[in-house]
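Residue numbers (this note's numbering): 1483 to 1556.
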């Protein structure tokens, strides 16, 4: 009574295909894949920007320490 037979599943799949069509379903899956790729690309770009910013701040700190050391020597 509570379980669905194979005929119920076939009917559900048939209705989904008729409503959305094969082309729309494949387009939808392609859009999902593009969204995932874009999300991953955004994460990797953010990570490289963070790494670049950390490297620049480290360079600035080391340059400042060299300048201070030169002032102390003078």
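All residues carry an ideal CB built from backbone N, CA and C; glycine is no exception.
Setting aside the 5 residues that flank it on each side, residue 1497 has no residue in the same chain whose C-beta is closer than 8 Å to its C-beta.
If you draw a straight line from the Cα of residue 1505 to the Cα of residue 1487, it is about 27 Å long. Residue 1486 sits in coil when the DSSP states are folded into three classes, being neither helix nor strand.
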